[in-house]
Structures are given as structure tokens and as C-alpha cells.
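**Student:** Sequential numbering from -15 applies to the sequence shown in my numbering. Note that CB positions come from ideal geometry on N, CA and C, so glycine has one too. In this text, all values refer to a predicted model and were calculated from it rather than measured experimentally. One structure, pasted below without further comment.
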Amino acid sequence: MIVQSRSRGYLPHWEKSGSTYFVTFRLADSLPGFILRQWAFERKDIEARSRAQNRELTKYECERLAALFSERVDKYLDLGAGRRWLVMPDIAALVVSALKFMDGQRYALHAWCVMPNHVHVVVTPVREFENAKGQLGSILHSWKSYTAKEANRILRRTGEFWYREYYDHLIRDGEEHSF
């Protein structure tokens, strides 16, 4: 099977037909821009120092740098920064309902966890729904667009609800899948 890399912004997305993914998507204000800019600066500084020594980072070093960035994001999200709309029972129920809506039709939903400012999901897209946009991207778009519109209605507000990007990890083996 071929693994495709797609980028819809800052984060790369790896897709492989028939695969299972661990996905995290978050509220728009859950990670302040200045924090992300600081971390991006630190990452670019590490890369620049490597180039200054006339060497590129190895594949392992690049993967480790990406993993460290992901760990920092996870730790910050777990602090519960931002408006924490997902602690509201009606908003959390809306998200869970959206996740379950096409379970068994467009995807197999294995697990989910709604946190105060982000959501974790383990999902396997159904192959028949693969498309040019990317099977996982299409699923995330449907979850996020529907829940954003409805949550904004419930909250009597307008504006961005979810951050446009999401983190995904392609689950490669049974050990990673045993949660």
C-alpha cells in the first residue's frame, strides 16, 4: 500500500488506504499564536544550527523534532487553555453525536475522548469514501463544519470555533492500536 503525504497548512498528514488513525482536533483559541510562533522559532533555530555545522538533520532527528513538538502541543492542550466550550454538556454531546453519525458507513469509530478544549479520536475510514481531498480530511471537515455551526448557534456567537488544522497519526501496528 502507498502512503501519501498531504499538507493542508503547518502539519503534514500521512494517508494510507485502509489505515486507522489517531486524530486530535482542537478549539480555535486553545493554543495562542505567540506560543506556536515561539515553538516554530525554536524549531527553525535547531534546523539553522544544524545547517551552520554543514549538515542536515537526519530522518530520525526530523522525526524526533516533530515528536517533541507534538508532545509540547499535547501538554499545552491538557492545561485546558482557551474558552473550554467542550466542558458544556450540550456542546460535548453535539460533538459525540457528530462523531457517531456516520460510524459504520463512512468510517469505523474505535474510540474518542472529548476534552475541555480538544477532541481525540481513533478512526478507520471506509475505502469507498476515499477522494481527492483525502478520506481523513473529508471526515474531519464534516465533523468540524457541522459541530462548529451548531455550537456557535448554541453559544449564540459567530466566528471560528475549531482550529483549521488537525493532528493525525497513522497507526502502524496492533501495539499502537491497543488503547
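(1) Helix, strand or coil: how does DSSP classify Y147 here?
(2) For C97, which residues does DSSP report across the bridge?
(3) Taking 8 angstroms as the threshold (C-beta atoms), are I155 and F6 in contact?
(4) Cα separation between W69 and Q37?
(5) Ignore the nearest five residues each way along the sequence and tell me which others in R33's own chain have a CB closer than 7 angstroms to its CB.
(6) So the candidates are T4, A65, D29, T8; which of them puts its Cα closest to the Cα of L49?
(7) What is the DSSP secondary structure of A76, reduced to helix, strand or coil?
(8) Is the region 60 to 75 close to the region 85 to 92, with three or more CB pairs under 8 angstroms?
**Tutor:** According to the structure shown:
(1) What you label residue 147 is simply residue 163 of the sequence shown in a count that begins at 1. Y147: coil per DSSP, three-state reduction.
(2) Reading the sequence shown from its first residue, position 113 is the one you call residue 97. In the DSSP output, where bridge partners are listed per residue, C97 has H104.
(3) Sequence index remark: in the sequence shown, residue 6 carries index 22 (1-based). Sequence index remark: in the sequence shown, residue 155 carries index 171 (1-based). Cβ atoms of F6 and I155: closer than 8 angstroms.
(4) Taking the first residue of the sequence shown as position 1, residue 69 is located at position 85. Taking the first residue of the sequence shown as position 1, residue 37 is located at position 53. Those two C-alpha atoms are separated by around 46 angstroms.
(5) Here residue 33 is taken as the residue at index 49 of the sequence shown, counted from 1. For R33, same chain residues with a beta-carbon under 7 angstroms away, outside a window of 5 residues either side, do not exist.
(6) For the purposes of this step, residue 49 is taken as the residue at position 65 of the sequence shown. Considering only alpha carbons, the answer is D29.
(7) Looking up residue 76 in the sequence shown gives position 92. In the structure shown, A76 sits in a helix (DSSP, three-state: H, G or I).
(8) no
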